[in-house]
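Take a look at the structure set out below.
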Amino acid sequence: MSKLFVSQHPLVKHKLTMLRSIETGHRDFRGLVRELALLLCYEATQDIPLTPYTVQTPLAETSGFKAPEIGIVPILRAGLGMVEGVLELLPNTQVWHIGLYRDEKTLRPVEYYNKLPSAPTIEMCLVLDPMLATGGSATATIDILKRWGVKRIKYMGLIAAPEGVKRLSEAHPDVPIHVATVDSHLNEVGFIVPGLGDAGDRQFGT
Ligand code: PRP
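Structure (structure tokens):
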């Protein structure tokens with residue numbers, strides 16, 4: 027089973043509550059998604075391997091560390107809103123977009139955008155998508171990334187359903203799952219309850 031990390035940070039709980047509210051408009055919603063992504067990225071990168079190296083300060087030489095290059099893979103559309111927050115912490119990272127939408131009847135993911143080059147250009151990546159509902163979209167994206175050759179993958183989302191956590195961790199037990207919360211259940215049309223509604227629609231006003 028995958029390791030599941032549910033943030034306990036007070037600011038994450040505070041911002042998530044505002045994000046859920048039906049009274050939060052598109053502009054504030056986008057700001058909160060960006061801020062939550064930044065906070066979760068800080069937690070999700072807590073165990074990345076460092077390479078030691080030496081720098082010269084104005085006073086002396088000292089030893090320090092270099093972080094590895096981490097690629098980020100937002101799942102279109104809703105994952106886009108998380109990119110900016112992650113880029114504030116990882117400004118030089120590569121961003122690879124994967125486009126999937128969930129068929130409303132079957133709830134199965136349908137791939138519509140993928141411009142990954144034939145050879146992998148990153149060894150480690152963070153998959154970004156606010157909602158882990160049935161887990162179909164995240165599982166399909168990680169299938170694509172593993173076929174591409176990425177060695178180390180983490181999933182980072184905002185709200186997960188227990189069903190999505192189960193499916194993703196059974197399909198990809200090596201992929202840790204970082205989220206702000208795990209909600210109660212999926213309803214009959216595959217929405218997370220209590221959730222926040224449709225993360226793509228709420229960000230982009232559609
Ligand atoms: C939503 C969400 C995830 C997916 C989660 O996207 O952003 O990508 O559904 O569902 P799953 O875990 O059952 O696959 P949606 O298909 O609504 O597309 P959008 O991001 O373009 O709004």
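Numbering (the numbering used here), first residue to last: 27 to 232.
We put the CB at the ideal spot given by N, CA and C, even for glycine.
Bear in mind that the values here come from a model prediction, so they are computed numbers and not experimental data.
Environment of residue i [buried if 16+ CB atoms lie within 10 Å]
i: Q229; result: buried
i: Y181; result: buried
i: H52; result: exposed
i: H198; result: buried
i: S195; result: buried
i: K41; result: buried
i: M27; result: exposed
Contact set for residue i: own chain, Cβ-Cβ below 8 Å, skip 5 residues either direction
i: P220; result: R46, D209 and S210
i: E69; result: F31, S33, H35 and H204
i: A166; result: L126, P135 and E137
i: R193; result: T160, G161, G162 and T165
i: I170; result: I124, E137, N140 and L142
i: Y79; result: S89, G90, F91 and K92
Cutoff 7 Å; reference residue i; Cβ partners in own chain excluding five residues on either side
i: S163; result: I101, L126, R128, P135 and D155
i: L37; result: L65
i: W122; result: G97, V99 and L142
Cutoff 6 Å; reference residue i; Cβ partners in own chain excluding five residues on either side
i: G107; result: R56, V59 and Q229
Residue i in three-state terms, based on DSSP
i: T77; result: strand
i: G38; result: Checking the sequence shown, residue 38 turns out to be Val, not Gly. Correct three-state label for V38: helix.
i: I48; result: coil
i: F217; result: coil
i: L58; result: helix
i: E149; result: coil
i: A166; result: helix
i: E95; result: coil
i: P143; result: coil
i: Q82; result: strand
i: G125; result: strand
i: T207; result: strand
Checklist entry - Okay, do the stretch 90-105 and the stretch 68-76 touch, 3+ Cβ pairs below 8 Å being the bar? => result yes
Checklist entry - Taking three-plus beta-carbon pairs below 8 Å as touching, is the stretch 145-161 in contact with the stretch 177-186? => result yes
Checklist entry - Is it a yes or a no for the stretch 104-122 touching the stretch 83-91, going by three-plus beta-carbon pairs under 8 Å? => result no
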